[in-house]
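J.: Below you will find the structure I want to go over with you.
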Amino acid sequence: MDLKGKVAIVTGVSKGIGRETVKQLLEAGAIVAGWGRTAPDIAHENFHFIATDVSDWELVQGSYQTTKDTLGTPAVLVNNAGMGHQGLIHEMPVEQWREMFDINVHGLFYCIKVAVPGMIELGEGHIINISSIAGTNGVKTMSGYVGTKHAVTGIGHSIFQELRDYGIKVTTVYPGSVNTNFFDNIEFANANANDNMMRPEDVATSVVQCLQTFDNYHVVDLEVRPLWPKGRPNK
Ligand SMILES: NC(=O)c1ccc[n+]([C@@H]2O[C@H](COP(=O)([O-])OP(=O)(O)OC[C@H]3O[C@@H](n4cnc5c(N)ncnc54)[C@H](OP(=O)(O)O)[C@@H]3O)[C@@H](O)[C@H]2O)c1
Numbered sequence: 046m047d048l049k050g051k052v053a054i055v056t057g058v059s060k061g062i063g064r065e066t067v068k069q070l071l072e073a074g075a076i077v078a079g080w081g082r083t084a085p086d087i088a089h090e091n092f093h094f095i096a097t098d099v100s101d102w103e104l105v106q107g108s109y110q111t112t113k114d115t116l117g118t119p120a121v122l123v124n125n126a127g128m129g130h131q132g133l134i135h136e137m138p139v140e141q142w143r144e145m146f147d148i149n150v151h152g153l154f155y156c157i158k159v160a161v162p163g164m165i166e167l168g169e170g171h172i173i174n175i176s177s178i179a180g181t182n183g184v185k186t187m188s189g190y191v192g193t194k195h196a197v198t199g200i201g202h203s204i205f206q207e208l209r210d211y212g213i214k215v216t217t218v219y220p221g222s223v224n225t226n227f228f229d230n231i232e233f234a235n236a237n238a239n240d241n242m243m244r245p246e247d248v249a250t251s252v253v254q255c256l257q258t259f260d261n262y263h264v265v266d267l268e269v270r271p272l273w274p275k276g277r278p279n280k
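Note that the numbering used here has the sequence shown beginning at 46, numbered continuously upward.
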């Protein structure tokens, strides 16, 4: 897709992968609706922040209407908003479990549900869902988060089959550790964000490259990892 003049929704834009994705979409000429709880420090004539908590169905419907009315029908949706809590399954507070599923799974569903009819009208669209390596295997003390990201993976693989005949691509991205504020909530030993993790701007570059592919070329799954997660080994 040539992104020039295309309307793109990105969720969770205040920092991290979402903020970098917004910046690179703007460089590629897209008109970006940033849906999030907190506005980023981005001033650009083609950037429009729309206050949205993705876990609130009413707010998501309103944000879609505002986006469509003011900017046009979105052809791109990057489902990036997400968070995690850590804890043993029997110690996990019910509220934290629910919060992860409300944002990472139900929020993702709400955004897809509102965006797909417009993409069908356009005859083209691309949904990028940010899953995680945690959406491909188990992680001790992260069962809730892992559960949400496996849901993201399964939803993406299913709707890819539903939507391809409408010209809509669905890509699932599986990053390993990225140096962002994500780890503020996570108390793993050695899990503090650090320079051996991937840079969020590199994940964003991969997202934008997926969006820019030829119409009949579809990146279904994209796993990205740091080459040296424990630092560059001595040569
Ligand atoms: N960092 C990693 O190692 C890693 C690895 C694999 C996958 N991921 C995934 O990548 C995505 C982005 O994470 P990140 O690493 O960039 O983390 P981050 O720096 O913590 O950014 C998360 C973003 O999501 C937003 N957000 C959270 N809950 C929201 C809600 N209910 N409604 C709207 N926006 C909401 C946050 O907004 P506020 O500022 O308002 O909180 C923030 O802008 C997440 O889905 C995460 O699970 C991250």
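Glycine residues also receive a C-beta, built at the ideal position from the N, C-alpha and C atoms. Given the structure is predicted, the values throughout are model-derived calculations rather than measurements.
1. Quick check on Y190: does DSSP put it in helix, strand or coil?
2. Going by beta-carbon coordinates alone, are V248 and V264 separated by less than 8 Å?
3. Is there at least one non-hydrogen atom of ligand 1 closer than 7 Å to the beta-carbon of R270?
4. When you measure from the CB of I19 to every non-hydrogen atom of ligand 1, does any distance come out below 7 Å?
5. Rounded to the nearest angstrom, what separates A234 and T115 at their Cα positions?
6. Please tell me whether, using a cut-off of 7 Å, the distance from the CB of S100 to the nearest non-hydrogen atom of ligand 2 is below it.
7. So G32 packs on M137, CB below 8 Å; how close in whole Å?
8. Please determine, among R143, H195 and G163, the residue with the shortest C-alpha to C-alpha distance to G212.
9. Is any heavy atom in ligand 1 found nearer than 7 Å to the beta carbon of T56?
10. What residues match up with T217 in a beta bridge as DSSP calls it?
11. Alpha carbon to alpha carbon, what distance is there between E140 and S59?
12. Bridge partners for A96 per DSSP, in chain order?
13. Count the other CB atoms, across all protein chains shown, that sit within 10 Å of the CB of T83; report buried if there are 16 or more and exposed otherwise.
14. Have a look at E166 and P85 and give me their C-alpha separation to the nearest angstrom.
15. What number of angstroms, rounded off, separates the C-alpha of H135 from the C-alpha of T186?
16. Quick check: the Cα distance between V55 and G276, rounded to an integer number of angstroms?
17. Since G127 contacts N149 with CB under 8 Å, what's their CB separation in whole angstroms?
18. Taking the alpha helix (DSSP H) that A120 falls in, what are its first and last residues?
19. Please report whether the beta-carbon of V223 lies at a distance below 8 Å from any beta-carbon of chain D.
20. List the residues that DSSP assigns as beta-bridge partners of I54.
T.: Inspection of the coordinates gives the following:
1. Here residue 190 corresponds to residue number 145 of the sequence shown, with the count starting at 1. Here Y190 sits in helix by DSSP.
2. Locating residue 248 in the sequence shown gives position 203, where the first residue counts as 1. Locating residue 264 in the sequence shown gives position 219, where the first residue counts as 1. No, the pair does not count as a contact, with Cβ atoms beyond the cut-off.
3. Locating residue 270 in the sequence shown gives position 225, where the first residue counts as 1. At a cut-off of 7 Å, the beta-carbon of R270 does not count as near ligand 1: no heavy atom of the ligand is closer than that.
4. As displayed, the chain neither begins before 46 nor continues past 280, which places residue 19 out of reach and without an answer.
5. To locate residue 234, count along the sequence shown from 1; it is residue 189. To locate residue 115, count along the sequence shown from 1; it is residue 70. In this predicted model, A234 has a pLDDT of only 47, less than 50, meaning its place in the structure is not dependable; the value taken from the coordinates is given anyway. Computed Cα separation, rounded: 46 Å.
6. As far as ligands go, the structure on display features ligand 1 and does not contain ligand 2.
7. This structure cannot settle anything about residue 32, because the visible part of the chain is limited to 46 through 280.
8. The sequence position of residue 212 within the sequence shown is 167, counting from 1. Of the candidates R143, H195 and G163, G163 places its Cα closest to the Cα of G212.
9. The residue given as residue 56 occupies position 11 in the sequence shown. For ligand 1, at least one heavy atom lies less than 7 Å from the Cβ of T56.
10. The count along the sequence shown starts at 1 and reaches residue 217 at position 172. Note: T217 sits in a beta bridge opposite N174 and D266.
11. Counting from 1 along the sequence shown, the entry for residue 59 is found at position 14. Counting from 1 along the sequence shown, the entry for residue 140 is found at position 95. Approximately 24 Å, taken between the alpha carbons.
12. Taking the sequence shown and counting its residues from 1, one reaches residue 96 at position 51. In the DSSP output, where bridge partners are listed per residue, A96 has G81.
13. On the sequence shown, position 38 is the one that residue 83 refers to. Per the 10 Å Cβ criterion, exposed.
14. The residue given as residue 166 occupies position 121 in the sequence shown. The residue given as residue 85 occupies position 40 in the sequence shown. Straight through space, the alpha carbons of P85 and E166 are spaced by roughly 31 Å.
15. Your numbering for residue 135 matches position 90 in the sequence shown. Your numbering for residue 186 matches position 141 in the sequence shown. The straight-line gap from Cα to Cα measures roughly 10 Å.
16. Along the sequence shown, read from residue 1 onward, the residue named residue 55 stands at position 10. Along the sequence shown, read from residue 1 onward, the residue named residue 276 stands at position 231. Each residue's Cα considered, the two are about 31 Å apart.
17. Looking up residue 127 in the sequence shown gives position 82. Looking up residue 149 in the sequence shown gives position 104. Right, their Cβ atoms sit about 5 Å apart.
18. Taking the first residue of the sequence shown as 1, we reach residue 120 at position 75. Per DSSP, A120 lies in no alpha helix (DSSP H) segment and is marked neither H nor E.
19. Looking at the structure shown, chain D is missing, and only one protein chain is on hand.
20. In the sequence shown, residue 54 corresponds to position 9, counting from 1. Looking at the DSSP assignment, I54 forms a beta bridge with A78 and L122.
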